[in-house]
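These notes are about the structure you will find just below.
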Amino acid sequence: MGPQGPIFVCGAGRMDSLQGATARILSIKMDASFTISFEGDHIKVLSDGAKNLDYAKRLWTAIVEACNEHKCYRVLGIADTTSPMPPLDGYQHADLFRKLGITRNYRVAWVELNQEAKEATYFVETVLFNRGLPGRLFDSVADATEWLLTEDNT
200 MGPQGPIFVC
210 GAGRMDSLQG
220 ATARILSIKM
230 DASFTISFEG
240 DHIKVLSDGA
250 KNLDYAKRLW
260 TAIVEACNEH
270 KCYRVLGIAD
280 TTSPMPPLDG
290 YQHADLFRKL
300 GITRNYRVAW
310 VELNQEAKEA
320 TYFVETVLFN
330 RGLPGRLFDS
340 VADATEWLLT
350 EDNT
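Read in the numbering used here, the sequence shown has 250 at position 51, and its numbers run on one by one without any break.
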């Protein structure tokens with residue numbers, strides 16, 4: 200369990216909440232995994248592996264569920280991508296965000312640890328920005344956290 204609630208772990212074909220009542224199973228084969236936890240003032244996402252649109256759908260659906268459960272719409276994502284998202288999949292993030300109800304009431308700060316995957320992540324950031332959707336990419340977790348938790352940042 201995270202400091203303020205359940206941790207959701209997704210990988211190896213399943214997603215479980217470590218708190219029994221909110222247990223979920225996701226029976227999909229994956230080459231990537233993620234962990235979501237509520238940290239008291241934000242939702243923290245750890246993401247690794249190969250990225251594609253199917254992975255993004257699972258990831259963002261779980262993030263929205265955690266945000267709604269905790270009434271917290273500040274998201275800090277820390278990714279270590281082994282295979283970047285294809286450009287067409289990245290382009291489809293705007294539709295994905297709209298379908299999931301991710302609007303400007305969310306603040307999303309994302310850090311990509313793998314320098315070779317940053318270009319694909321910058322592309323997603325640009326797509327979201329151009330459509331008025333939330334999402335900023337940062338070079339460090341410290342910078343992302345500071346922006347995320349500072350009220351007057353836009």
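Built from N, CA and C at the ideal position, the CB exists for glycine as well.
Asked: Less than 9 Å between the C-beta atoms of residue 301 and residue 307, yes or no?; Found: yes
Asked: So is residue 224 buried or exposed if we call it buried at 16+ other beta carbons inside 10 Å?; Found: With a pLDDT of 34 at residue 224, under the threshold of 50, the modelled position of that residue is not reliable, and no figure is offered here.
Asked: So residue 283 and residue 250 are supposed to be a Cβ contact under 8 Å. How far apart are they, rounded?; Found: 6 Å
Asked: Based on the DSSP secondary-structure assignment, which residues constitute the bridge partners of residue 337?; Found: 310
Asked: If distances are taken between C-alpha atoms only, which option among 303, 347, 339 and 312 comes closest to residue 278?; Found: 312
Asked: Please classify residue 289: does DSSP put it in a helix, a strand, or coil?; Found: helix
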